[in-house]
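S.K.: If you scroll down you'll find the structure; I have some questions about it.
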Amino acid sequence: MTKVPGKMLIKISSIVLAILGLVGLAGTLGVTLFSGSMNVANPGLLHTIEAYIFPILCIVAGVLGFFWCNNPSKGKLVMIVGVILVIAAIIFTVMGIMQQGFSVSMILFDVLDIVVAGIYTLGGKKNADAK
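Per my numbering, the sequence shown starts with residue 37, numbered consecutively.
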């Protein structure tokens with residue numbers, strides 16, 4: 037059996053990503069349902085993408101990473117998904133700061149997104165190198 041060096045990094049970060057995605061999506065859906073509108077204060081397209089697409093991407097990446105963590109041949113794909121998550125998290129963090137200013141909770145969640153996506157990416161790199 038081949039040793040898979042990034043297995044635990046991917047598995048743990050996948051679980052955390054899926055949880056963060058579920059929490060983010062639940063919060064967004066809660067605000068949408070309680071406001072009675074999909075267009076809460078006209079947030080714009082980029083905010084809508086951040087609010088709905090990014091949590092779904094985190095959930096999908098978490099599920100895929102969890103199932104692919106034992107497979108070194110999927111390491112490069114995990115790494116690519118991780119890089120996409122890191123870039124998206126950085127972009128949405130900057131957007132949030134520009135639109136809303138600094139908020140401790142926003143910054144903490146955004147930094148957590150970036151760090152966890154970085155660990156996910158590192159696990160993918162380790163698996164890709166083990167091939």
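For glycine and all other residues, C-beta sits at the position ideal for the given N, C-alpha and C.
Helix or strand or just coil, what does DSSP make of S141?
M.R.: In the sequence shown, counting from the first residue as 1, residue 141 sits at position 105. Correct three-state label for S141: helix.
S.K.: Taking the alpha-carbon of F90 as reference, which of F128, F103 and A166 has the nearest alpha-carbon?
M.R.: For the purposes of this step, residue 90 is taken as the residue at position 54 of the sequence shown. Nearest C-alpha to F90: F128.
S.K.: Is G42 helix, strand or coil by DSSP?
M.R.: The residue given as residue 42 occupies position 6 in the sequence shown. G42: coil per DSSP, three-state reduction.
S.K.: Evaluate I46 with the Cβ neighbour count: other Cβ atoms within 10 Å of its Cβ, from every protein chain shown; 16 or more gives buried, anything less gives exposed.
M.R.: Along the sequence shown, one-based indexing puts residue 46 at 10. With 16 or more Cβ atoms within 10 Å of its Cβ, I46 is classed as buried.
S.K.: Can you tell me whether D165 is buried or exposed, with buried defined as 16 or more other CB within 10 angstroms of its CB?
M.R.: Mapped onto the sequence shown, residue 165 falls at position 129. With fewer than 16 Cβ atoms within 10 Å of its Cβ, D165 is classed as exposed.
S.K.: Using CA atoms only, rank isn't needed, just tell me which of V96, I126 and N106 is closest to V144.
M.R.: Counted from its first residue, the sequence shown places residue 144 at position 108. This sequence places Leu at residue 144; Val is not what is there. Per the Cα distances, I126.
S.K.: Report buried or exposed for M115, applying the criterion of at least 16 other Cβ atoms within 10 angstroms of its Cβ.
M.R.: Within the sequence shown, residue 115 is the residue found at index 79, counting from 1. Its Cβ being crowded by 16 or more others within 10 Å, M115 is buried.
S.K.: When you compare only the Cα positions, how much space is there between T64 and I92?
M.R.: Here residue 64 refers to the residue found at position 28 of the sequence shown. Here residue 92 refers to the residue found at position 56 of the sequence shown. Their backbone Cα atoms lie some 11 Å apart in a straight line.
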